[in-house]
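Notes follow the structure.
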Amino acid sequence: MKSIKNLSAYPTSLSIVADDILEFHAARLLLLLKICGEKGSLKGLTKMAKLDFFVRYPQFFRIAAKVLGEDLGKGNTNTEAESKMVRYHYGPWDQRYYHVLAYLEAKGLIKATKEGSAIILSLTDLGSESTAKLERNISFAPIVDQMRQVKKVLGNKKGTELKNLVYEIFDEEVAKLSMGEVITP
């Protein structure tokens, strides 16, 4: 992954995709904490990863919502994955999470605390100010809308419930994949 501030040293003849940019993932996770969390906090890495999965894979979210009896209306019909995730021990996971979370903590945008065995990720005051700016930015409107839908349908579920839901509904697409295999819609 590359930081946007280091891109000036990157050869101009090579293309750069948003999925390779650290700040792209950092912005999405900040918004996830603000919009899908409770008062800017999420309890558990599993919950964070599963909510992020449903944000990044709108097609899978629409299917899960339908299974749960939720009518999303026409809304976002995007079927492309925002950025890919892999099959991991507890379902969909992004190998970059630890790197991005460390980056956010080092920048003073989030804090991580332990409650029993769970890690609680919370926005700091600076993180809250930053997400307020991101939330108003028109470029983030589609992902903000997706997050609001995910929060409405799945926000009250615990990480384990979300993990079980993914395995139950997406057996072929997720559960039967080998560890580290990329999940595709």
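Going letter by letter, the sequence shown gives residues 35 to 219 in our numbering. Here a beta-carbon is modelled for each residue, glycine too, at the ideal position from N, C-alpha and C.
Boundaries for L76: no alpha helix (DSSP H) harbours it, while the beta strand (DSSP E) harbouring it runs 75 to 77, taken from the DSSP string.
Taking a cut-off of 8 Å on C-beta distances, the region 197 to 210 does not touch the region 56 to 72, as fewer than three cross pairs fall below it. When only Cα atoms are considered, T80 and G193 end up about 5 Å apart.
Distance from the CA of L155 to the CA of E163, rounded to the nearest whole angstrom, comes to 16 Å. A175 is not bridged by DSSP to any residue.
Contact between the region 119 to 137 and the region 97 to 109 is absent: fewer than 3 CB-CB pairs across the two stretches fall below 8 Å. Sequence-distant partners of Y201 (beyond 5 residues in either direction) whose C-beta falls short of 8 Å from its own C-beta, in its chain, are G125, V208, A209. The C-beta distance from V89 to V184 rounds to 5 Å, short enough to fall under 8 Å.
Remark: C-beta atoms of I177 and I97 do not approach each other more closely than 9 Å.
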